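Contents: one structure, followed by commentary.
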Amino acid sequence: MKTKISEKNNFSVLFPNALTVFLFFLFFNFPLKAEIRAIWVSVWDLKTVGKIDTLVAEVKNNHLNQILAEVRYRGDAMYFPNKTDSTFSNPEERCYVLSDSLFDPLAYLIGKAKEKKIEVYAWVTTFVVTPHKLENISKNHIYYRHPEWITADFLHRKMSPQILEGAYLDPGIPEVREYLKNIFLDIVKNYEIDGIQLDYIRYPGIEFGYNQKAREIFKSQIKFQDAESWQNWKEKQINLFVRNLYNEIKSISPKTKVTAAVISKPKTAREWYSQNWIKWLQEGYLDKAYLMAYETDNFKFSALIDSVETFGLNKKIVVGLRAWSNNCHYSVSKINEKIEIIHKRKFAGLAFFSYSGIKKCNYFEGLRIK
3 MKTKISEKNN FSVLFPNALT VFLFFLFFNF PLKAEIRAIW VSVWDLKTVG KIDTLVAEVK
63 NNHLNQILAE VRYRGDAMYF PNKTDSTFSN PEERCYVLSD SLFDPLAYLI GKAKEKKIEV
123 YAWVTTFVVT PHKLENISKN HIYYRHPEWI TADFLHRKMS PQILEGAYLD PGIPEVREYL
183 KNIFLDIVKN YEIDGIQLDY IRYPGIEFGY NQKAREIFKS QIKFQDAESW QNWKEKQINL
243 FVRNLYNEIK SISPKTKVTA AVISKPKTAR EWYSQNWIKW LQEGYLDKAY LMAYETDNFK
303 FSALIDSVET FGLNKKIVVG LRAWSNNCHY SVSKINEKIE IIHKRKFAGL AFFSYSGIKK
363 CNYFEGLRIK
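Numbering-wise, the sequence shown is residues 3 to 372 according to our numbering.
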């Protein structure tokens, strides 16, 4: 005699592992933690409402989820310093690319991006403080107000604004570190950013750091003075700045991520620029490092990634890809190949440098970001 199977029992017969099937699709269709897909955006693409509207729309349409917005270019501001809270001193003037004195690019960007569920990180140029053309800054700029803070080379010559990225403040001067810390804390205090990204968080090169005051401090702190102790001391100044800034940001806004754009080869970063970002990640005073892995050759790119993987920090590293070409001869297919390499290695995500480069070469049309 056959027993009639109820509809409920019939379902369990046909789908005995319904919960398992559901969890399977849930796991594979909705990642437990979304991959970071970021893009660096310079001040020139943030200077008007129209540019920001276009930016946010293109970021959303191309499946990116994080904007690294340059809000401090060269000792200046793409926002209003001490906007509503003046707890932290911030005397920096507005960036010279802005023509509308009432426009707040950072606030406007945050509002537009939030509507599209896109994160906004405040990308800040740290120790570089001048453009090459000094006529673009006023006499109230930090370069003129504190000329004694500019770093010097091993011949004790003050760094010229015309070389490298511009003149750097010297990281070995405590007042410099305090000044910069207050500026970055002011941004965190007054704007609902998702994170902050420190760029040029380093010395300009091994031959710099010889500011007179910095040398005097070194001599007062270090008994046995040689080339090794000098390099170790310089590295310690950067480490100290990052650690103190990290702790103070977290005390103000625990959810705000602290990140840095870093030299891709750890040995080079440390020995030539006093940037020991591996240590920052290992000791927990940097949430993510954004690796500036701008190699165009796939073999060299893979070798670089292999060397970084040996530290076991993939989940804390976002790989930055070159997405610009002066003559646009660097094909989008080469970028896509590197995206595939990254996806196989389980890094925290990827970032493209830069938005303007992508626009210039029409890379959005061929990028396989999803």
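All C-beta atoms, glycine included, are put in the ideal place defined by N, C-alpha and C. Source: prediction; values computed, not measured.
Could you tell me if residue i is buried or exposed, where buried requires 16 or more neighbouring beta carbons within 10 angstroms of its beta carbon?
i, result
"glutamine 277", "buried"
"phenylalanine 32", "Only weak support is given to the placement of phenylalanine 32: the predicted model assigns it a pLDDT of 39, under 50, and the value that follows is read from those uncertain coordinates. Exposed is the call here."
"isoleucine 334", "With the sequence shown as reference, residue 334 is identified as valine, and isoleucine is not the correct amino acid for it. By the neighbour-count rule (16 or more Cβ atoms within 10 Å), valine 334 is buried."
"isoleucine 240", "buried"
"proline 133", "buried"
"glutamine 214", "exposed"
"proline 107", "buried"
"threonine 86", "exposed"
"arginine 409", "Examination of residue 409 is not possible in this model, given that the chain is present from 3 through 372 alone."
"isoleucine 175", "buried"
"threonine 153", "buried"
"arginine 204", "buried"
"leucine 242", "exposed"
"glycine 322", "buried"
"aspartate 47", "buried"
"leucine 66", "buried"
"leucine 104", "exposed"
"isoleucine 195", "buried"
"isoleucine 38", "buried"
"aspartate 289", "buried"
Which same chain residues end up closer than 8 Å to residue i when comparing Cβ atoms and leaving out the 5 residues on each side of it in sequence?
i, result
"asparagine 300", "Lys336, Glu339, Lys340 and Ile343"
"isoleucine 251", "Phe186, Leu187, Val190, Ile198, Thr258 and Val260"
"leucine 306", "Ser266, Lys267, Ala295 and Glu297"
"glycine 168", "Arg76, Val130, Val131, Thr132, Pro133 and His134"
"asparagine 64", "Phe366, Leu369 and Ile371"
Find out if the Cβ-Cβ distance for the pair residue i, residue j is shorter than 8 Å.
i, j, result
"lysine 317", "alanine 350", "yes"
"arginine 179", "threonine 127", "no"
"lysine 183", "asparagine 92", "no"
"alanine 40", "alanine 271", "no"
"alanine 79", "tyrosine 123", "no"
"aspartate 244", "tyrosine 287", "Correcting the residue type first, residue 244 is valine in the shown sequence and not aspartate. Going by C-beta atoms, valine 244 is nearer than 8 Å to tyrosine 287."
"tryptophan 326", "phenylalanine 366", "no"
"tyrosine 98", "isoleucine 54", "no"
"tyrosine 193", "tyrosine 81", "yes"
"lysine 49", "leucine 100", "yes"
"isoleucine 208", "tryptophan 274", "yes"
"aspartate 172", "alanine 229", "no"
Please state the DSSP three-state secondary structure of residue i.
i, result
"glutamate 121", "strand"
"glutamate 72", "strand"
"isoleucine 195", "coil"
"leucine 293", "strand"
"arginine 272", "helix"
"aspartate 2", "Any answer about residue 2 is impossible in this case: the structure gives the chain only from 3 up to 372."
"tyrosine 202", "coil"
"glycine 359", "helix"
"aspartate 308", "helix"
"aspartate 299", "coil"
"asparagine 63", "helix"
"glycine 322", "strand"
"arginine 159", "coil"
"arginine 370", "coil"
"glycine 314", "coil"
"tyrosine 212", "coil"
"alanine 229", "helix"
Excluding the 5 residues flanking residue i on each side, which residues of the same chain have their C-beta closer than 6 Å to its C-beta?
i, result
"tyrosine 202", "Thr127, Thr128, Phe129 and Val130"
"cysteine 330", "Cys363"
"lysine 206", "Going by the sequence as given, residue 206 is proline instead of lysine. Closer than 6 Å at the Cβ level, and outside the excluded window around proline 206, lie Leu166 and Tyr170."
"lysine 62", "Lys118"
"phenylalanine 210", "Thr153 and Asp155"
"serine 253", "none"
Using a Cβ-Cβ cut-off of 7 Å (strictly less than) and excluding sequence neighbours within five positions of residue i, which residues of its own chain qualify?
i, result
"valine 58", "Lys114, Ala115, Lys118 and Ile120"
"tyrosine 357", "Ile41, Trp42, Val43, Asp47 and Leu57"
"threonine 89", "Lys191"
Checklist entry - Are there three or more Cβ pairs, one per stretch, closer than 8 Å when the region 291 to 303 is compared with the region 256 to 268? => result yes
Next on the checklist: Using a Cβ distance threshold of 8 Å, determine whether the region 104 to 119 contacts the region 163 to 171, with at least three qualifying pairs required.
Outcome noted: no
Checklist entry - Counting pairs of beta carbons, one from the region 219 to 237 and one from the region 152 to 162, are three or more of them closer than 8 Å? => result no
Checklist entry - Is the region 129 to 149 close to the region 280 to 290, with three or more CB pairs under 8 Å? => result no
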